[in-house]
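J.: Here the sequence shown is numbered in the working numbering, starting from 989 and rising by one per residue. Every residue gets a Cβ at the ideal spot worked out from N, C-alpha and C, and that includes glycine. First the structure, which I've put down as structure tokens, then a few questions once you've had a look.
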Amino acid sequence: MDKARVLSLFIAVVRAKSFSQAAVDAGLTPQAVSKAVRQLEVHLGVRLFHRTTRSLSLTEEGARLFELANPGLRLLDEALDQIQNSRLEVDGLIRMVAPMSIGTTIIVPLLPEFQRRHPGAHFDVQLDDHFTDLVENKIDVGFRAGSPPERNLVSRKLGEILLLPCATPGYLAEHGTPQTVDELRQHRCTGFRRPSTGRLMPWELQVDGATVYQEMPAVASFNTVEGELTAVRSGLGIGQLPVFMIEAELASGALVPLLPDTATSNSGVFMYYQQRTLMPLRVRHFIDFIAERVPQRLAAQGRALRAA
């Protein structure tokens, strides 16, 4: 016996003062409602209604049950209404996950603007370079770099990542400035290891209109872009870095672009989430906001490179 169902039908009969009207309200037949109430009576071992062909009234036990159960059902109805109405509110928690580089440089700086639009929204941000399961970790929106997720998720490309070889003026003054890819390979270069596999990634270079993947001798390799960027900033060597992370250094001259014609943009920034329907309004607004602002942010990479 479905206790919640039969109890709710019992309360519906009491409120309507009629099996027939309660059946109409519930979209059932009177026979189905009568059977459900009879199941409840058998389960409790007491009669809940005095029934005649012309009248319906509660027994003492029925009145007691209604007195005890009705407030609980009212609270349940209110809880369901609140959850249903939450789909129409922007207030509430938005859980997201992003790689450290994208999260700290692109996503997190946009949060104050979103909160100015929607002051009741707040965030739980996880920065993790590994792919995160949205369902298992109760995440609303995820971000990743490279290629789109291969799982059963909605994925939207927000823009491309421009990769550029660069070094500090101090490093170039000491070791010289490479003019070709062959000369570049003779320099002290940094490398990036993919966190998911630990494999050292080849450099992507644009050569004669085609993308080539070049193994570079790494004086040091890192499993985070932030670590590699710190090494290049310190003058350790030449690194191929995402332009969106070094726009300020390029503008100030703290980093010097090298072989700009070899810059590639084959990797993308992707936003992913579980579904398009039955989504809280705050999450929908955030997705739309990100889809508007992040492409603008990534488009600035080309301008930064041209200005450098």
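1. Where does Ser1089 land, buried or exposed, given buried means 16+ other C-beta within 10 angstroms?
2. In the DSSP output, what is Ala1161 paired with across the bridge?
3. Which runs of the beta strand (DSSP E) spanning at least 3 residues fall entirely within the stretch 1189–1267, listed in chain order?
4. Between the alpha carbons of Leu1229 and Gln1103, how many angstroms are there, rounded?
5. According to the Cβ coordinates, are His1110 and Leu1151 closer than 7 Å?
6. Quick check on DSSP: helix, strand or coil for Ser1135?
7. Any idea if His1031 is buried or exposed, counting beta-carbon neighbours within 10 angstroms, 16 or more meaning buried?
8. I believe Leu1269 touches Val1129 by the beta-carbon criterion, under 8 Å. Please report the beta-carbon distance rounded to the nearest angstrom.
9. So does the stretch 1173–1186 actually touch the stretch 1273–1291, counting three or more Cβ pairs closer than 8 Å?
10. Using CA atoms only, rank isn't needed, just tell me which of Glu1235, Glu1029, Gly1091 and Thr1168 is closest to Met989.
11. Please list, in chain order, all residues of the same chain as Asp1225 whose beta carbon is under 6 Å from its beta carbon, the five residues on each side excluded.
12. Do you know offhand how far Ala1161's Cα is from Leu1098's?
13. Buried or exposed for Ala1251, going by 16 or more other Cβ atoms inside 10 Å?
14. For the putative contact between Pro1136 and Phe1258, defined by C-beta atoms under 8 Å, what is the C-beta separation to the nearest angstrom?
15. Would Glu1227 be called buried (16 or more neighbouring beta carbons within 10 Å of its own) or exposed?
16. Taking Cβ to Cβ, would you say Ala1051 is nearer than 7 Å to Leu995?
17. Quick check on the burial criterion: 16 or more other C-beta atoms within 10 angstroms. Buried or exposed for Tyr1201?
18. How should Ala1010 be labelled, buried or exposed, when 16 other C-beta atoms within 10 angstroms of its C-beta is the threshold for buried?
19. Any idea which residues DSSP pairs Val1129 with across the strands?
20. Which value, in whole angstroms, describes the spacing of the CA atoms of Asn1211 and Lys991?
21. In three-state terms, what does DSSP make of Pro1166?
22. Helix, strand or coil for His1273? Go by DSSP, reduced to three states.
23. Counting along the chain, where does the beta strand (DSSP E) carrying Phe1119 start and finish?
24. In whole angstroms, what is the alpha-carbon distance linking Gln1194 and Asn1254?
25. Which term fits Ser1022, buried or exposed, when burial requires 16 or more other beta carbons within 10 angstroms of its beta carbon?
26. Indicate the three-state DSSP secondary structure (helix, strand or coil) for Asp1013 in the structure shown.
27. Please tell me whether Leu1141 and Val1282 are closer than 7 Å, where the distance is taken between their beta carbons.
28. I'd like to know whether the C-beta atoms of Thr1120 and Val1096 end up nearer to each other than 7 Å.
29. Just list the residues that DSSP pairs Lys1005 with in beta bridges.
30. Taking all protein chains shown into account, do 16 or more other C-beta atoms lie within 10 angstroms of the C-beta of Pro1157, making it buried, or fewer, making it exposed?
31. Once DSSP output is grouped into helix, strand and coil, what is the label at Gln1027?
32. Which residues mark the beginning and the end of the alpha helix (DSSP H) in which Pro1183 is found?
33. Leaving out five residues before and five after Ser1143 in sequence, what residues of the same chain have Cβ atoms less than 6 Å from its Cβ?
T.: In terms of the structure at hand:
1. Burial call: buried.
2. None; Ala1161 has no bridge partner.
3. The stretch 1189–1267 is shown to contain whole beta strand (DSSP E) runs of 3 or more residues at 1191–1195, 1198–1202, 1206–1210, 1227–1230 and 1252–1261, in chain order.
4. Their backbone Cα atoms lie some 31 Å apart in a straight line.
5. In this structure, Leu1151 does not lie closer than 7 Å to His1110 by Cβ.
6. Correct three-state label for Ser1135: coil.
7. Taking every protein chain shown into account, the CB of His1031 has fewer than 16 other CB atoms within 10 angstroms, so this residue is exposed.
8. Contact doesn't hold; Cβ gap of about 14 Å is too wide.
9. No: fewer than three Cβ pairs fall under 8 Å.
10. Nearest option by C-alpha distance: Glu1029.
11. Correcting the residue type first, residue 1225 is Gly in the shown sequence and not Asp. Cβ-Cβ distances below 6 Å link Gly1225 to Arg1176, Cys1177, Thr1178 and Val1207 in the same chain, with the five nearest sequence neighbours on each side left out; the list follows chain order.
12. Near 37 Å, if we compare the C-alpha coordinates of Leu1098 and Ala1161.
13. That one is buried.
14. 5 Å between Cβ atoms; contact.
15. Per the sequence shown, the amino acid found at residue 1227 is Gly instead of Glu. The residue is buried, with at least 16 neighbouring Cβ atoms inside 10 Å.
16. No. Outside cutoff.
17. By the 10 Å Cβ count, Tyr1201 comes out exposed.
18. Of the other Cβ atoms in all chains shown, 16 or more fall within 10 Å of the Cβ of Ala1010; this residue is therefore buried.
19. Note: Val1129 sits in a beta bridge opposite Met1084.
20. The straight-line gap separating the alpha-carbon atoms of Asn1211 and Lys991 is approximately 55 Å.
21. Three-state result, Pro1166: coil.
22. Correct three-state label for His1273: helix.
23. Taken as a continuous stretch (DSSP letters only), Phe1119 belongs to no beta strand (DSSP E), as it is neither H nor E.
24. The C-alpha of Asn1254 is placed about 10 Å away from the C-alpha of Gln1194.
25. Buried, by the Cβ-count rule.
26. It is helical.
27. Cβ atoms of Leu1141 and Val1282: not closer than 7 Å.
28. No, they are not a contact pair.
29. For Lys1005, which the question treats as bridged, DSSP gives no partner whatsoever.
30. Taking all protein chains shown into account, Pro1157 has fewer than 16 neighbouring C-beta atoms within 10 Å of its C-beta and is therefore exposed.
31. Three-state DSSP puts Gln1027 in a helix.
32. That residue, Pro1183, is in no alpha helix (DSSP H); it is neither H nor E in DSSP.
33. Answer for Ser1143: Pro1136, Pro1137, Phe1258 and Tyr1260, listed in chain order.
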